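Q: Numbering (the working numbering), first residue to last: 1 to 197. Glycine included, C-beta positions come from ideal geometry on N, C-alpha and C. This one's a predicted model, so the numbers in the text were calculated from it and none came from an experiment. Structure provided below as structure tokens; questions to follow.
In structure tokens:
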């Protein structure tokens, strides 16, 4: 049996990680692309060479670990540098996720990625789930979680692809607004995916 490859994404503060945890409790194998990307930036020789070539030796500490803070400062307000970083890291993470999904034996596996559509990794998947929430709810969640200002959260949201654009690409949409019950929506998608196996 071929395991279906399913991706889940959502804008900052949408609650995609919370929703992913619920899918995990249903026994769905789970791949956290953002977490794996951080590990790959330390472990992959290909990525290491690409980052050093693009950003210089300062991108890694003397002990060989990624200088995450320094790298973030280089790309934070520089879209060209961010594009270079993503061009080095995303292809390796996408392939790593495909290799991982190919050995899963459950009906479907779930890959969570903040940039699922932006990175193009959705093209390697059978189905995609988008978690959405009203902007004011997302702003409040991120302000509470990250202890940042409203303006900072709005800036982050404005740098991301809009929910409207993502909705046109997603197979399933979950509303996580704190009003509409979440569990029935998750179970309904889970059942639909099981039925496709």
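Can you give the beta carbon distance from residue 121 to residue 3, rounded, assuming they're within the 8 Å contact cut?
A: Looking up residue 121 in the chain shown gives position 121. Looking up residue 3 in the chain shown gives position 3. Actually they do not touch by this definition, with Cβ atoms about 17 Å apart.
Q: Check each candidate in 16, 27 and 15 and name the one with the smallest Cα separation from residue 194.
A: For the purposes of this step, residue 194 is taken as the residue at position 194 of the chain shown. Checked all of 16, 27 and 15; the closest Cα to residue 194 is 27.
Q: Contact check, residue 5 vs residue 123 under 8 Å by CB: the rounded distance?
A: As a first step, residue 5 must be located in the chain shown, where it is residue number 5. As a first step, residue 123 must be located in the chain shown, where it is residue number 123. About 11 Å separates the two Cβ atoms, so there is no contact after all.
Q: On the DSSP bridge list, what partners appear for residue 7?
A: On the chain shown, position 7 is the one that residue 7 refers to. 111 and 128, per the DSSP bridge assignment.
Q: Is the separation between the beta-carbon of residue 59 and that of residue 88 shorter than 8 Å?
A: By one-based count along the chain shown, residue 59 stands at place 59. By one-based count along the chain shown, residue 88 stands at place 88. The answer is no: Cβ separation not under 8 Å.
Q: From the DSSP output, read off the bridge partner residues of residue 173.
A: Residue mapping note: residue 173 aligns to position 173 of the chain shown, counting from 1. According to DSSP, residue 173 bridges with 130.
Q: Please identify the residue among 74, 153 and 102 whose C-alpha is closest to the C-alpha of residue 12.
A: Taking the first residue of the chain shown as 1, we reach residue 12 at position 12. That would be 153, whose Cα lies nearest to the Cα of residue 12.
Q: Since residue 93 and residue 37 are thought to touch, with beta carbons under 8 Å apart, how far apart are those beta carbons, to the nearest angstrom?
A: Along the chain shown, one-based indexing puts residue 93 at 93. Along the chain shown, one-based indexing puts residue 37 at 37. Residue 93 to residue 37, Cβ: 5 Å. Contact.
Q: Suppose contacts are defined by Cβ-Cβ distances below 8 Å. Is residue 176 in contact with residue 15 by that definition?
A: Taking the chain shown and counting its residues from 1, one reaches residue 176 at position 176. Taking the chain shown and counting its residues from 1, one reaches residue 15 at position 15. Yes, the Cβ-Cβ distance between residue 176 and residue 15 is below 8 Å.
Q: Three-state secondary structure (DSSP) at residue 34?
A: Here residue 34 refers to the residue found at position 34 of the chain shown. If DSSP states are grouped into helix, strand and coil, residue 34 belongs with the helices.
Q: Taking Cβ to Cβ, would you say residue 141 is nearer than 8 Å to residue 157?
A: For the purposes of this step, residue 141 is taken as residue 141 along the chain shown, with counting starting at 1. For the purposes of this step, residue 157 is taken as residue 157 along the chain shown, with counting starting at 1. In this structure, residue 157 does not lie closer than 8 Å to residue 141 by Cβ.
Q: Does the separation of the CB atoms of residue 117 and residue 9 fall below 8 Å?
A: The residue labelled residue 117 in the question sits at position 117 within the chain shown. The residue labelled residue 9 in the question sits at position 9 within the chain shown. A contact, by the Cβ cut-off of 8 Å.
Q: Please name the residue or residues paired with residue 122 in a DSSP beta bridge.
A: In the chain shown, the residue the question calls residue 122 occupies position 122. Note: residue 122 sits in no beta bridge, so no partner.
Q: How would you call residue 185, buried or exposed, if buried means at least 16 neighbouring beta carbons within 10 angstroms?
A: Mapped onto the chain shown, residue 185 falls at position 185. Buried: at least 16 other Cβ atoms inside 10 Å.
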